[in-house]
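Participant:
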Amino acid sequence: MAKGFLLVISGPSGSGKGTVSAALMAKHQDIKFSTSVTTRPPRPSEVDGENYFFRTQAEFERMVEEDQLLEYAFVHTNYYGTPKDFVFSEVEKGEIVLLEIDVQGAMQIKEKYKEAVFIFLLPPTMEELKQRIIGRGTESEEDIKTRFSNAFKELDFVGEYDYFVVNDQVDQAVEDIENIIAAEKLRVKRQKNIKEDMIRKGELD
Ligand code: ADP
Ligand code: 5GP
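41 is the number of the first residue of the sequence shown in our numbering; add one for each residue after it.
(1) Buried or exposed, going by whether 16 or more other CB atoms sit within 10 Å of the CB of SER53?
(2) Check for me: the beta strand (DSSP E) holding GLY121 runs from which residue to which?
(3) Just the C-alpha distance for VAL206 and ALA213, rounded to the nearest angstrom, thanks.
(4) Counting C-beta neighbours from all protein chains within 10 Å, is the total for PHE158 16 or more, i.e. buried, or is it exposed?
(5) Bridge partners of TYR269, per DSSP?
(6) Give me, in chain order, the residues of the same chain whose beta-carbon lies closer than 8 Å to that of ASP211; leave out the 5 immediate sequence neighbours on both sides.
(7) Among all the DSSP beta bridges, which residues are the ones paired with THR165?
(8) For PHE45, count neighbouring Cβ atoms within 10 angstroms of its own Cβ and tell me buried if that reaches 16, exposed if not.
(9) What are the partner residues of ILE141, as DSSP defines its beta bridges?
(10) Should ALA223 go down as buried or exposed, given a rule of 16 or more other Cβ atoms within 10 Å for buried?
(11) What are the start and end residues of the alpha helix (DSSP H) that includes LEU64?
(12) Return the residue from the list GLU130, VAL77 and LYS57 that minimises the CA-CA distance to ASP70.
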């Protein structure tokens, strides 16, 4: 049986992490989404416990103090973090856990978990990125500026990732990620007992 692993997807705001992750998970119910905690207020369509656990700053700080987060970071203008328990229990069960987190959080995971897979999602062009952030219509003008200028800083980290995927067409980006997952599942280091499994199969034949 294959071991579970963390699939970390980062990319600038508006590159399509949410869109591509949702399309990927709609096709693969076995990929588990790690719902993050954030101090950001919910967008109109967002549901607490589904998109994020929306918490106050005090509640977030308590989670940090109680060591409940695998990683956390201040991104744009709010705190975001990954609850530890869910990730560990799912990986233990052999599942793939998708973490949609920023570059700072990804670097913390990289320090702690060598076996995670890191994908950087890129927009086709920076102009298209800007249009997508504006087009989403969920941020103020000020916040759009912060997110767009942060996009250039985030690009500095692309060399730290294992794979890059360009989100021009959503379907193609999903297919690229499916191919990455398929290859990662075949890594020898992700198998528990190749030799024992072969011997057991032989006994059954
Ligand atoms: P992120 O989660 O990275 O901030 P979103 O998934 O919210 O990005 O996407 C930002 C905006 O771009 C959304 O309005 C989304 O519908 C749109 N979008 C995402 N992927 C594409 C694509 N391949 N082509 C056109 N628009 C896209
Ligand atoms: P948004 O506000 O657009 O949902 O997310 C803003 C940024 O925060 C994105 O880059 C997103 O990947 C990142 N983010 C979301 N959840 C987490 C998390 O748990 N940890 C970290 N470090 N970043 C996160």
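Here a beta-carbon is modelled for each residue, glycine too, at the ideal position from N, C-alpha and C.
Facilitator: With the structure as the only source:
(1) Counting from one through the sequence shown, the residue named residue 53 turns up at place 13. By the neighbour-count rule (16 or more Cβ atoms within 10 Å), SER53 is buried.
(2) Position 81 of the sequence shown holds residue 121. Element bounds for GLY121: 118 to 123.
(3) Taking the first residue of the sequence shown as position 1, residue 206 is located at position 166. Taking the first residue of the sequence shown as position 1, residue 213 is located at position 173. If I take the Cα positions, the gap works out to 6 Å.
(4) For this step, residue 158 is matched to residue 118 along the sequence shown. Buried.
(5) There is simply no residue 269 to check, as the chain begins at 41 and stops at 245 in what is shown.
(6) By one-based count along the sequence shown, residue 211 stands at place 171. ALA63, listed in sequence order.
(7) On the sequence shown, position 125 is the one that residue 165 refers to. DSSP lists no partner for THR165.
(8) For the purposes of this step, residue 45 is identified with residue 5 of the sequence shown, where counting begins at 1. PHE45 comes out buried.
(9) Here residue 141 is taken as the residue at index 101 of the sequence shown, counted from 1. ILE141 pairs with nothing; no bridge assigned.
(10) As a first step, residue 223 must be located in the sequence shown, where it is residue number 183. The Cβ neighbour count for ALA223, taken over all protein chains shown within 10 Å, is under 16; the residue is labelled exposed.
(11) Here the question's residue 64 lines up with position 24 in the sequence shown. Its alpha helix (DSSP H) spans residues 57 to 67.
(12) Along the sequence shown, one-based indexing puts residue 70 at 30. It is GLU130.
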